[in-house]
Structure formats: structure tokens, C-alpha cells
DNA sequence: CCGTAACTGTTACGTTTGTAACTAACAACG
DNA sequence: CGTTGTTAGTTACAAACGTAACAGTTACGG
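Residue numbers (this note's numbering), protein chains in the order written: chain A, 130 to 279; chain B, 130 to 279.
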């Protein structure tokens, strides 16, 4: 059922392409944290943020990762049960908790970081260094636009 | 908890950036099909594929959209209930069903296509035409790489 | 102070999802 | 044909999810 509207534009519809690229690359990666550490996708994302951008509260992770607070809340609980993470109520505001990886959690993050780096390098090879860099830059711009209410 | 591994690379970890970009742009768009037609995300994706690449079976949509067959099965059922789509068992293989949009479904697709096109154009404006085109091209390449088992 | 409003994080509940088991149809081989 | 294996699509069940309501804490205005 073709439309009067040119389909060329629509078959390139960005949200769709983004979803598919995200879904496929995520799927290719999830096997690692799932089989080795029994982690869920959201758990890996939370750990990723703690490991790469440092100790922070759940709220900060929500904002930075575009994740819902209940999702983060449950992931934090799961990571805590696995002894990958510990929480410490802030003295300055006792509603918030500072989250940080335990020694064990840090080791897991380091391990997965290696896999992630390999993964990223293979991607860079198949795309070419410049295209890879451009992609990263463009995605960041796109994220910024949308977050400020595009 | 910083690592020995350079974090510059990791904070640009592509699967994460892709997820976030996909999530944000999808969220910005979902309001339209949700409030006007009570459609779920997967229903919109299925309709999108039928509308833009023509009548096809559920299996074909699964492959093209990287969606799980149960997800597609349920979306098709929902779209059928809304009378947006009809199925016709193939004579050549009576396991498969050809899916095609009804008149009503086609109208809905046309309406949402307009919104999508506007959305896409605004995106193109904020990114610039060349960067937008590059992004599309790179994402397609990336999807191709992953689908062939990268 | 006291009451109201706002904010962080958790929990209850209904919906959506994925895994696995299933039905029905085809295909290949004796 | 009949048996075995494969494929398209559905369904049952448990896990994960989002919405909304919640508890505890802070901020502010009288």
C-alpha cells in the first residue's frame, strides 16, 4: 500500500533506524553480562554509568541514562543483592543515596569493559574511524536536542 | 570508581548512545499514535512496515524490523481488532498470512506519516542536511553489519 | 514552629514482554 | 502414503515493565 508521500524518506525514518541499530548491537552484547554474571540489561546500564562516570545517586543515573526511576530502583536492588554495589545515605540530603561499586562490582565492570572495548573496536573497524567518530558526535547532538525537549 | 582503561572511549560506548537516542526520539513520537489511535509502540512499528514496504507476512516483518515473532503476532492481532489491518492466508503456503492495511489502516498510516515526516524534518534542521544523511547511511551500514552476525 | 508543597526512592498493581511449549502446514525420504 | 523434521504463527506462564500511589525527607511561607 504505497502512499502519495514519498516512501524514500519514510523508510529512512530515524527513530526506526535508531531502534534497530540499538536493538541489534545491544542483543549482540547482552550475552556477555547475562551468561557470566546473570545481569539484566538495565543492571548493566546502571553499572556502566557508575563505572564510567563515577559514584552518583539513582536520580542522576535516571537523568543521564534516560531510564525510569523504578527501573533504576530495581536494578540497584539487584546489583546490591549480587554484592556489586553498595549504597550510602547522603548526610547533606537523607533522601538520596550515593551509589558506588564494590571491589567485586568494580572487577566485573573492568571485565565487561574489556568486552565492550573490543566490541567497540570491531565496530570502528567495520565503519571506519572517521565515520565512527561522526556517528558518536551526531548521536550526542541528537540526544542533547531531544533532552532539551525537541 | 575510574578504571585504568581510558573512560573517554567508554562514555561514548555506541550501544548505549544508540539506545538513548532511540529511546528519546521514540518517546517524543509515541504520544501521537498513542493518544490518537491507542496504538502501542510495536503496533506502530508493524503498521509502519506494512505501510512503507508494502504487504507482507509476519515473518518478513520480524526479519526486517528485528522484532520477536510473538511481539509481532500480538501487534497484528491488536491492529486487526482495530480494523486497521486484514490477513489473508496464502494459497502457496497455508501456514503464512499476507498482511495488508485496510482502508482505515491506510488512512491512519497516512496521518501518522505526516507527523513522522514533520518530525524527521525538524530533526534534519537541527542536525543539518548533510549530518542527517550521514547518520542515516551509517546506521544502515551498522544494521547490515550486525544482522549478518557481527 | 506548623502546614503545605516538592523531591528521592520504594512498592502495589495491571500491562507488556520473552521463553518455551504448542498447533497446523509443508517438505523430504523411504 | 507414513514418518520425521522444519517452519509460520499462537498461546501459557513467568519475568520485567510503567503508572500511580506511597513513605520519608527537605524547603518554604506564614
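Backbone N, C-alpha and C fix where the C-beta goes; we use that ideal spot for every residue, glycine too.
Query, Result
"Using a threshold of 8 Å, state whether the C-beta atoms of residue 249 of chain A and residue 142 of chain B are closer than that.", "yes"
"So for residue 216 of chain B, helix, strand or coil by DSSP?", "strand"
"Between residue 238 of chain A and residue 183 of chain A, how many whole angstroms is the CB-CB distance? I'm expecting something under 8 Å.", "Not a contact, Cβ separation roughly 12 Å."
"What are the partner residues of residue 226 of chain B, as DSSP defines its beta bridges?", "B:218"
"Keeping to the same chain, check which residues put their C-beta closer than 6 Å to that of residue 215 of chain A; ignore five residues upstream and five downstream.", "231"
"At a cut of 8 Å, does the stretch 269-278 of chain A reach the stretch 250-262 of chain B through at least three beta carbon pairs?", "yes"
"If you drop the 5 nearest sequence neighbours on each side, which residues of the same chain put their C-beta closer than 6 Å to that of residue 260 of chain A?", "none"
"From the DSSP output, which residues share a beta bridge with residue 185 of chain A?", "A:228"
"Let me make sure I understand the geometry here. Which of A:155, A:219, A:193 and A:226 has the alpha-carbon closest to that of residue 310 of chain A?", "With chain A covering only 130 through 279, there is no way to say anything about residue 310 of chain A."
"What do you reckon, are the CB atoms on residue 147 of chain A and residue 151 of chain B nearer than 8 Å?", "yes"
"Using beta carbons (cut-off 8 Å, strictly below), is residue 150 of chain B in contact with chain A?", "yes"
"Taking DSSP as the reference, what is the three-state secondary structure of residue 200 of chain B?", "helix"
"Excluding five sequence neighbours on each side, which residues of the same chain lie with their C-beta closer than 6 Å to the C-beta of residue 173 of chain B?", "162"
"Report the option in A:164, A:228 and A:265 whose CA atom is closest to the CA atom of residue 189 of chain A.", "A:228"
"Short of 8 Å Cβ to Cβ, which residues in the stretch 165-198 of chain B face chain A?", "174, 177, 179, 180, 181, 182, 183, 184, 194 and 195"
"Cβ of residue 210 of chain A less than 8 Å from any chain B Cβ?", "no"
"Tell me, please, whether the CB atom of residue 245 of chain A is closer than 8 Å to any CB atom in chain B?", "yes"
"Tell me where the alpha helix (DSSP H) around residue 154 of chain A begins and ends.", "143-166"
"Which residues in chain B have a C-beta closer than 7 Å to the C-beta of residue 284 of chain A? List them in chain order.", "Because chain A spans 130 through 279 in this model, residue 284 of chain A falls outside it and cannot be assessed."
"In angstroms, rounded to a whole number, what distance separates the CA positions of residue 267 of chain B and residue 224 of chain A?", "43 Å"
"Looking at chain B, is there any beta carbon in it that lies within less than 8 Å of the beta carbon of residue 228 of chain A?", "no"
"For chain A, find out if any of its Cβ atoms is closer than 8 Å to the Cβ of residue 216 of chain B; answer yes or no.", "no"
"Just curious, the alpha helix (DSSP H) that residue 169 of chain B is in, first and last residue?", "No alpha helix (DSSP H) contains residue 169 of chain B, which DSSP labels as neither H nor E."
"Give me the Cβ distance between residue 149 of chain B and residue 195 of chain A, rounded to the nearest whole Å; I'm assuming they're in contact under 8 Å.", "5 Å"
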